[in-house]
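Student: As you go down the protein sequences, you meet chains A and B in turn. Everything in the first sequence is counted per my numbering, starting at 35 for the first residue and increasing by one. Everything in the second sequence is counted per my numbering, starting at 1456 for the first residue and increasing by one. Below is one structure. I have some questions about it.
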Amino acid sequence: MTRYIIRRLLQFIPVILIATLIVYALVFAIPGDPIRALAGDRPMSDAVRETLREQYNLDDPFMVQYAKYVWGIITAADFGTTFNGRPVTDIITQRLPVTATLALVTFIIQGVMGIIAGILAALYRDRFFDRFVQVSTVAMVALPTLVIGFLLQLVFGLNLGLFPIAGANDGIASYVLPALTMASVSTGILARLVRGELLDSLKSDYVRTATAKGMKRSRVIGRHGLRNSLIPAVTFIGADLASMLGGSIVVETIFNLPGLGEQVYRSILGQEGTVVVGVVTLFVIFFVVINLIVDLIYGLLDPRIRYE
Amino acid sequence: MNHTSRRSRATGAVAVTAAAALVLSACGGGDDGGDGGDNGDAAQAVEGGGTVSAYNCEPQFLVPANSTEVCGSWVLGSLFTGLTQTDFETYEPKAGVAESWETEDNVTWTFTLGEDWTFHDGEEITAQTFVDTYNWVVDPDNAQQSANFFDNFLGYQEVVDGDAEEMEGVRAVDDYTLEIELTEPFSPLPDMLTYTAFYPMPSVAYDDIEAFEQAPVGNGRYQMDGEWEHDVQIAVNRYEDWAGEEPGLPERIEWRIYSEIETAYLDVQSGSLDILDAAPPNRRSTVEADFGENYTDFDTSSFTYLGFPLYQEEFDDVDVRHALSMAIDRESIIDAIFDGAQTPAENIIPPDLIEGNENSCEFCQFDPEAAADLYEEAGGPSELTVYFNSGAGHEDWVAAVANQWEQNLGIEDITFESLEFAQYLGLHDEQEITGPYRLGWTLSYPSAQYAMEPIYSTGASSNYADYSNEEFDELINEANAETDPDTAAGLYTDAEAILLEDMPVIPLWFTNYLTVHSDRIDGESLFMDQATFTHLEQVVVTEE
């Protein structure tokens, strides 16, 4: 087990290096001079432009720029700065809690809602609640996040005034609408996944055996049916948590949450290579770590799975 | 000023005829409809002035000479006061830190400074303050984006080239007398000094400019309350020792930073934000339902044009340029695409300025038949590529213009080239544009000179058309050298007449901005100036 974890952790290093290189190359490939765009219609003087280009290593060839970037991280933990001089580490420390809170609230909402809805739909198959889950999940999956976000803002923010429309100034209440928006698609998928898996396992031999032995129905469903049908759900939730950071780009922008997703969008537009690479690398690390955790949870749910 | 990088600004106004807009704006207002809501009673401000919150975008920089966009310059305008300020009734310069100024030749200027000006940290402001600030700004090591606003100061080039430490042309004669000497006569200097790049900076700024930028210490009506909370908000409190004449009304201003204007719009509607002065254009049709009487709109100097790459042969012939201009029905495009919310441009100089409105633009009148004849006679190109920067809301109207060219001039094939702004400017710098291109211009300081010289003078920094006309250059030089303001104004309008005749660019429209506000604000007290800044310091807050 420990050896397995160590080996997985070692595999992270090339994954992260390659990911940063690719992202850096992509940002580098965007045509146009970001320093030129900084000033807008009225150009800055050549002297100022040259000073800035030199300051941000923009005159170096790609590999030199990338090497300087990596070297800065290794030797001085310097993740670079934006073109207006803010260290990327500052941005990440300021914004990470916002995105993390959003992800956590989303995770809880979709986990609780998705699994409960799935179980109930399976137990009351073909009854009203099941139909309701079926229809509403289709709607949730089909509607674009953007539309759901605006709808929630209009209904719960503006008309009912229950939650703030934008910003992160009202504590956890600020995160409710964005998290609901972000959770919408996954909750739908998750509910259907749990429903299907649970129905399958309720029909399986071991459940029939357990029932035949006279076990209580709640115990049959809880210990035998549910436990086995949760493995795909855990995989899904894990993968979803990891990809949530990507989804945060849209949601954070709509709800004006100053998190990492919104920063990525902004930085791509501004050709701020260092910021994009810094944040995306963080996303990559999240992704691989969460995948590792998911793999470990399999073992807990299904002892047949062993790690070599 | 970087007109294009400000969030896609709203463009909207109640449909008013151009004439009505002119009359109203001549009264100094620019407030042409939609507001009111106080039934004529003067609104009572809350005691102390209250707090006002306003939408803003995240500033790029908060060092005055480094700020080239609206988001940062708006905040800096509250934190700092320059040598001169603009009188927004007349758009002429008035006293700031300098009580008075004089010059005999427009080359050497003497400014007499007020004696009780201090920075928010208590440091006194003297002539030396300005000497130090200006020299710091032009030093290339400090890489200040607006440094080239000083390029007509004597000694600027020497400092840039590294041959001198300080500009010869900026001198402290005594504590309260500042002398500025230019390389050539420049009558709009007092106008130019109102601009953000010329604000004074305290000595603490030079020790650690990065720390300073997080909480700038200025000499303006308002001082920072805490640090700049990036992407969240900037809060300022009234500076009670401000030495100027009209202190700020609100006790506190909070700029809330949004990345999405739609979100801010909903926030104003729900009452959690007071002012959004750049309401999204598509909200124009529902604003009355959404806000009742809580909206206003303002004419600005924000100018949109289609320029010609005169370095391409096809556009050499002035008749081709006239025909392309006359084939555009500005009114119908404004109605169809902007809900009537732009003012058709018949000038280069914004109508609000004293020099504005003198000329009539013969070739801006829509006349499809004459345009078609002219175009055919001149043998205008049968294929065109139209250039604009992407993602800034230009797609629709550019397509509409192209449509009219196809219909009215029989141009068969019009293609579009839309690029990200950085790349777009790069193409201009390399002179690789092959057809009409969209650009804009917003006045950094209210002067006819600034509306023209940077864009149309031979070799000027923003002369993307590569336009060159000796007579025009000479008129601008004469106007800059003229000591009598009225004569100078006349010379500027003569220069404008040449542009309207030569048409290196097709004037399209001046943008109107739609402002929405909460019930806590007296709509009558809202005012946006020609440079698109809403004057928060004069907002009357009626409820706590």
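Heads up, the beta-carbon is just placed ideally off N, CA and C, and yes, glycines get one too. For clarity, every value in this text was computed on a predicted model and none was experimentally measured.
I need the straight-line Cα distance from N1858 (chain B) to I1866 (chain B), nearest angstrom please.
Tutor: Numbered from its first residue, the second sequence carries residue 1858 (chain B) at position 403. Numbered from its first residue, the second sequence carries residue 1866 (chain B) at position 411. Going from the Cα of N1858 (chain B) to the Cα of I1866 (chain B) covers about 9 angstroms.
Student: Taking a Cβ distance cut-off of 9 angstroms, strictly less, list which residues of the segment 1870-1881 of chain B are near chain A, in chain order.
Tutor: Within the segment 1870-1881 of chain B, the qualifying residues are L1874, E1875, F1876, A1877, Q1878, Y1879, L1880 and G1881.
Student: Contact check, T221 (chain A) vs M174 (chain A) under 8 angstroms by CB: the rounded distance?
Tutor: Taking the first sequence and counting its residues from 1, one reaches residue 221 (chain A) at position 187. Taking the first sequence and counting its residues from 1, one reaches residue 174 (chain A) at position 140. The pair is a contact, with the Cβ atoms about 6 angstroms apart (cut-off 8 angstroms).
Student: Roughly how far, in whole angstroms, is the beta-carbon of A1915 (chain B) from the beta-carbon of R70 (chain A), given that I think they are within contact range, below 8 angstroms?
Tutor: Translated into the one-based positions of the second sequence, residue 1915 (chain B) becomes position 460. Translated into the one-based positions of the first sequence, residue 70 (chain A) becomes position 36. Contact doesn't hold; Cβ gap of about 17 angstroms is too wide.
Student: To which residues of the same chain is A1934 (chain B) closer than 6 angstroms at the C-beta, ignoring the five residues directly before and after it?
Tutor: What you label residue 1934 (chain B) is simply residue 479 of the second sequence in a count that begins at 1. Cβ within range, chain order: A1943, L1946 and Y1947.
Student: Tell me which residues share the same chain as A1855 (chain B) and place their Cβ nearer than 8 angstroms to its Cβ, disregarding the 5 neighbours each side in the sequence.
Tutor: Within the second sequence, residue 1855 (chain B) is the residue found at index 400, counting from 1. Answer for A1855 (chain B): I1788, A1791 and I1792, listed in chain order.
Student: Which residues, taken in chain order from the segment 42-67 of chain A, show a beta carbon closer than 9 angstroms to some beta carbon of chain B?
Tutor: Listed in sequence order: I64, P65, G66 and D67.
Student: Alpha carbon to alpha carbon, how far is L294 (chain A) from T129 (chain A)? Give it in angstroms, no decimals.
Tutor: Reading the first sequence from its first residue, position 95 is the one you call residue 129 (chain A). Reading the first sequence from its first residue, position 260 is the one you call residue 294 (chain A). Per the sequence presented here, residue 129 (chain A) reads as Arg, with Thr not at that position. C-alpha separation (whole angstroms): 6 angstroms.
Student: Note down the Cα distance separating D1663 (chain B) from V210 (chain A), rounded to an integer number of angstroms.
Tutor: Sequence index remark: in the second sequence, residue 1663 (chain B) carries index 208 (1-based). Sequence index remark: in the first sequence, residue 210 (chain A) carries index 176 (1-based). Distance between the alpha carbons of D1663 (chain B) and V210 (chain A) is about 41 angstroms.
Student: Just to make sure I have the definition right: I need the residues of chain B whose C-beta is within less than 7 angstroms of the C-beta of I288 (chain A). Which are they?
Tutor: Residue 288 (chain A) sits at position 254 when you count from the first residue of the first sequence. Going along chain B in sequence order, the residues near I288 (chain A) (Cβ under 7 angstroms) are E1715 and T1718.
Student: Keeping to the same chain, check which residues put their C-beta closer than 7 angstroms to that of L1648 (chain B); ignore five residues upstream and five downstream.
Tutor: The residue you call residue 1648 (chain B) lines up with position 193 of the second sequence. G1537, L1538 and T1539.
Student: Does the beta-carbon of G1675 (chain B) have 16 or more other beta-carbons within 10 angstroms, so that it is buried, or is it exposed?
Tutor: By 1-based counting over the second sequence, the position of residue 1675 (chain B) is 220. Under this definition G1675 (chain B) is a buried residue.
Student: Please confirm whether V1507 (chain B) and L1991 (chain B) have their CB atoms less than 8 angstroms apart.
Tutor: Residue 1507 (chain B) sits at position 52 when you count from the first residue of the second sequence. Residue 1991 (chain B) sits at position 536 when you count from the first residue of the second sequence. Yes, Cβ-Cβ distance for V1507 (chain B) and L1991 (chain B) is below 8 angstroms.
Student: Mind pulling the chain A residues with CB within less than 9 angstroms of A1602 (chain B)?
Tutor: If you number the second sequence from 1, residue 1602 (chain B) lands on position 147. Those within 9 angstroms of A1602 (chain B) in chain A are M78, S79, A81 and V82.
Student: So Y1830 (chain B) and P1962 (chain B) are in contact, right, with Cβ under 8 angstroms, and what is the actual spacing, rounded?
Tutor: Counted from its first residue, the second sequence places residue 1830 (chain B) at position 375. Counted from its first residue, the second sequence places residue 1962 (chain B) at position 507. 19 angstroms between Cβ atoms; not a contact.
Student: Considering just the uninterrupted stretch of the alpha helix (DSSP H) at W1964 (chain B), what are its terminal residues?
Tutor: The count along the second sequence starts at 1 and reaches residue 1964 (chain B) at position 509. Per DSSP, W1964 (chain B) belongs to no alpha helix (DSSP H); it is in the beta strand (DSSP E), V1960 to H1972.
Student: From the DSSP output, read off the bridge partner residues of V1996 (chain B).
Tutor: Numbered from 1 along the second sequence, position 541 holds the residue referred to as residue 1996 (chain B). DSSP lists B:I1976 as partners of V1996 (chain B).
Student: Which residues bound the alpha helix (DSSP H) around W1572 (chain B)?
Tutor: Locating residue 1572 (chain B) in the second sequence gives position 117, where the first residue counts as 1. Taken as a continuous stretch (DSSP letters only), W1572 (chain B) belongs to no alpha helix (DSSP H), as it is neither H nor E.
Student: Could you tell me whether any Cβ in chain A is nearer than 8 angstroms to the Cβ of P1595 (chain B)?
Tutor: Your numbering for residue 1595 (chain B) matches position 140 in the second sequence. P1595 (chain B) counts as touching chain A.
Student: Against chain B, does G195 (chain A) count as a neighbour if the rule is that its beta carbon must be under 8 angstroms from one of theirs?
Tutor: Numbered from its first residue, the first sequence carries residue 195 (chain A) at position 161. At least one chain B Cβ lies under 8 angstroms of G195 (chain A).
Student: Residues in the segment 109-138 of chain A with C-beta within 9 angstroms of chain B's C-beta atoms, listed in sequence order?
Tutor: Result list: F117, N118, G119, R120, D124, I125, Q128 and R129.
Student: Exposed or buried, P48 (chain A), counting other C-beta atoms within 10 Å across all chains shown (16 or more means buried)?
Tutor: Start at 1 with the first residue of the first sequence, and residue 48 (chain A) comes out as number 14. Exposed, since its Cβ has fewer than 16 Cβ neighbours within 10 Å.
Student: Taking all protein chains shown into account, do 16 or more other C-beta atoms lie within 10 angstroms of the C-beta of V181 (chain A), making it buried, or fewer, making it exposed?
Tutor: Within the first sequence, residue 181 (chain A) is the residue found at index 147, counting from 1. V181 (chain A) comes out exposed.
Student: Assign I1866 (chain B) to one of three DSSP states: helix, strand, or coil.
Tutor: The residue given as residue 1866 (chain B) occupies position 411 in the second sequence. In the structure shown, I1866 (chain B) sits in coil (DSSP, three-state: anything other than H, G, I, E or B).
Student: Using 8 angstroms as the threshold, is the segment 181-201 of chain A in touch with the segment 1708-1723 of chain B, meaning 3 or more CB pairs across them?
Tutor: Contact between the segment 181-201 of chain A and the segment 1708-1723 of chain B is present, because at least three Cβ pairs lie under 8 angstroms.
Student: Rounded to a whole number of angstroms, what is the C-alpha to C-alpha distance between T1997 (chain B) and S1980 (chain B)?
Tutor: Taking the second sequence and counting its residues from 1, the one referred to as residue 1997 (chain B) is at position 542. Taking the second sequence and counting its residues from 1, the one referred to as residue 1980 (chain B) is at position 525. If I take the Cα positions, the gap works out to 11 angstroms.
Student: Measuring only the C-alpha atoms, how far is N1802 (chain B) from S1757 (chain B)?
Tutor: On the second sequence, position 347 is the one that residue 1802 (chain B) refers to. On the second sequence, position 302 is the one that residue 1757 (chain B) refers to. Between N1802 (chain B) and S1757 (chain B), the C-alpha separation is close to 12 angstroms.
Student: Just the C-alpha distance for E1639 (chain B) and A1500 (chain B), rounded to the nearest angstrom, thanks.
Tutor: Within the second sequence, residue 1639 (chain B) is the residue found at index 184, counting from 1. Within the second sequence, residue 1500 (chain B) is the residue found at index 45, counting from 1. Each residue's Cα considered, the two are about 48 angstroms apart.
Student: Between the beta-carbon of G272 (chain A) and the beta-carbon of A225 (chain A), is there less than 8 angstroms?
Tutor: To locate residue 272 (chain A), count along the first sequence from 1; it is residue 238. To locate residue 225 (chain A), count along the first sequence from 1; it is residue 191. No, Cβ-Cβ distance for G272 (chain A) and A225 (chain A) is not below 8 angstroms.
Student: Of all the CB atoms in chain A, is at least one closer than 8 angstroms to the CB of F1653 (chain B)?
Tutor: One-based indexing of the second sequence puts residue 1653 (chain B) at position 198. By this cut-off, F1653 (chain B) is not an interface position.
Student: Starting from M216 (chain A) and walking both ways along the alpha helix (DSSP H), at which residues does that stretch end?
Tutor: Numbered from 1 along the first sequence, position 182 holds the residue referred to as residue 216 (chain A). A207 to L236 is the span of the alpha helix (DSSP H), which, as asked, contains M216 (chain A).
Student: Just to confirm the assignment, what range does the alpha helix (DSSP H) spanning G1945 (chain B) have?
Tutor: Your numbering for residue 1945 (chain B) matches position 490 in the second sequence. Start and end: P1940 to D1957.
Student: Where does E1557 (chain B) sit, in a helix, a strand or coil, going by DSSP?
Tutor: Translated into the one-based positions of the second sequence, residue 1557 (chain B) becomes position 102. In the structure shown, E1557 (chain B) sits in a strand (DSSP, three-state: E or B).
Student: Quick one: using the 10 Å Cβ neighbour count with 16 as the cut-off for buried, is Q1886 (chain B) buried or exposed?
Tutor: On the second sequence, position 431 is the one that residue 1886 (chain B) refers to. Burial call: exposed.
Student: Tell me the DSSP secondary structure of N1607 (chain B) in three-state form.
Tutor: If you number the second sequence from 1, residue 1607 (chain B) lands on position 152. Looking at N1607 (chain B) - three-state DSSP - the assignment turns out to be coil, as it is neither helix nor strand.
Student: Taking DSSP's pairing of strands, which residues face F117 (chain A) in a bridge?
Tutor: By 1-based counting over the first sequence, the position of residue 117 (chain A) is 83. For F117 (chain A), which the question treats as bridged, DSSP gives no partner whatsoever.
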